[in-house]
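So the structure is just underneath, and the comments pick up after that.
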Amino acid sequence: MDIMQALDAIWSARWPLLDGFGNTILISAVSILLGTPLGVGVGLILSYGNRVLRFIVRLYSDFLRGTPVFVLILACFYILSIVGIQLSAFQAGVFALTLFCSSHVGEIVQGALKTIPKGQTEAAKSVGLTFFGTFFSVLLPQALRMILPTWVTTATEIVKASTLLSVIGVVELLLATQQVISRTYLSLELYFFAGLVFFLINFAIEKAGRFVERKVSLPN
Numbered sequence: 001m002d003i004m005q006a007l008d009a010i011w012s013a014r015w016p017l018l019d020g021f022g023n024t025i026l027i028s029a030v031s032i033l034l035g036t037p038l039g040v041g042v043g044l045i046l047s048y049g050n051r052v053l054r055f056i057v058r059l060y061s062d063f064l065r066g067t068p069v070f071v072l073i074l075a076c077f078y079i080l081s082i083v084g085i086q087l088s089a090f091q092a093g094v095f096a097l098t099l100f101c102s103s104h105v106g107e108i109v110q111g112a113l114k115t116i117p118k119g120q121t122e123a124a125k126s127v128g129l130t131f132f133g134t135f136f137s138v139l140l141p142q143a144l145r146m147i148l149p150t151w152v153t154t155a156t157e158i159v160k161a162s163t164l165l166s167v168i169g170v171v172e173l174l175l176a177t178q179q180v181i182s183r184t185y186l187s188l189e190l191y192f193f194a195g196l197v198f199f200l201i202n203f204a205i206e207k208a209g210r211f212v213e214r215k216v217s218l219p220n
């Protein structure tokens, strides 16, 4: 492994690589920020919706969780254009990852809400809290402690899944790295560099999640 040659290649291609890095961060952040509240809605319907709504949302969640992300990205890019919904490659990729994120967050939220005793919901109703008041004031603070560790795992999965957007032409970090490799032939060195960057992104997400988890945890 020629370290100096690899560093020189990385420095020479720093702007395309930074653009790819920025796209990876943007794709991941938007997908997580949109997918999380959508997933909370999915979890609420699965927990408290009527039978018809639960059935529809259960189909939605199971279908998305059972579909490979790669297939979901291709479907959002190609099938939506066939039916007249024109999205750019970036938009289609973010849309696919948002759906993927929401289905997993929905299951996480439903699982957390199931562990909270029903008596707390009844007590909140007895003091006049609305459904959403009960959720945000009573249920969510307790569920958050159980949701966070698994949500962090989902967030890191979204970051890793962002590399699949290269198949529809989105120049994220991996595709930018591959373009540099095609000019320099330093495949091992540059793939190691890309892997290190992805590790640092996910490590930062994990550390941020641990920090928030400590802040919301109950004192011993």
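Residue numbering for the sequence shown follows the UniProt record's numbering, beginning at 1 and increasing consecutively. Note that beta-carbon positions come from the ideal geometry of N, C-alpha and C, so glycine has one too. Treat the numbers as computed from the prediction; the structure is a model and nothing was measured.
Close beta carbons around residue i, own chain, < 6 Å, minus the five adjacent residues each side
i      : result
Leu38  : Ser102
Val138 : Gln120, Ala124
Leu200 : none
Val187 : Looking at the sequence shown, residue 187 is not Val but Ser. Here the set comprises Ile181.
Ala92  : Cys76, Phe77
Ala13  : Val180
Same chain, Cβ closer than 7 Å to residue i, neighbours up to 5 away in sequence not counted
i      : result
Leu164 : Val69, Phe70, Ile73
Glu172 : Gly20, Asn23, Thr24, Ile27, Ser162, Thr163, Leu165, Ser166
Gln179 : Pro16
Residue i (DSSP reduced to helix, strand or coil)
i      : result
Val71  : helix
Ile168 : helix
Asn50  : coil
Gln91  : helix
Ile85  : coil
Leu31  : Per the sequence shown, residue 31 should be read as Ser rather than Leu. Of the three classes helix, strand and coil, the one that applies to Ser31 here is helix, per DSSP.
Ser217 : coil
Ala13  : coil
Reference residue i; option with closest CA among the options
i      : options                        : result
Ser61  : Leu173, Lys118, Val109         : Val109
Trp151 : Ile32, Leu18, Ser12            : Ile32
Pro149 : Arg214, Lys160, Val83          : Arg214
Lys160 : Glu107, Leu97, Leu188          : Leu97
Thr115 : Gln142, Tyr185, Gly106         : Gln142
Asp8   : Leu190, Val212, Ser217, Gly209 : Leu190
Leu174 : Gly195, Tyr185, Thr184, Arg183 : Gly195
Distance CB(residue i)-CB(residue j) smaller than 7 Å
i      : j      : result
Thr24  : Ser162 : yes
Thr154 : Ile205 : no
Val94  : Val40  : no
Gly106 : Gly49  : no
Ile147 : Ala112 : yes
Val216 : Arg145 : yes
Ile168 : Phe77  : yes
Residues near residue i in its chain [Cβ-Cβ closer than 8 Å; skip 5 each side]
i      : result
Phe90  : Asn23, Ile27, Leu165, Val170
Phe193 : Ala6, Ile10, Thr177
Leu64  : Leu72, Leu99, Phe100, Ser102, Ser103
Arg58  : Leu46
Phe135 : Leu44
Proximity test, Cβ basis, 7 Å: residue i and chain B
i     : result
Leu80 : Annotation note: the requested chain B is absent from the structure, which comprises a single protein chain.
*Write down every uninterrupted run of the alpha helix (DSSP H) in the region 105-186 whose length is 4 residues or greater and which is fully enclosed by it, in chain order.*
Within the region 105-186, complete alpha helix (DSSP H) segments of at least 4 residues are found at 118-126, 131-134, 140-161, 173-184, given in chain order.
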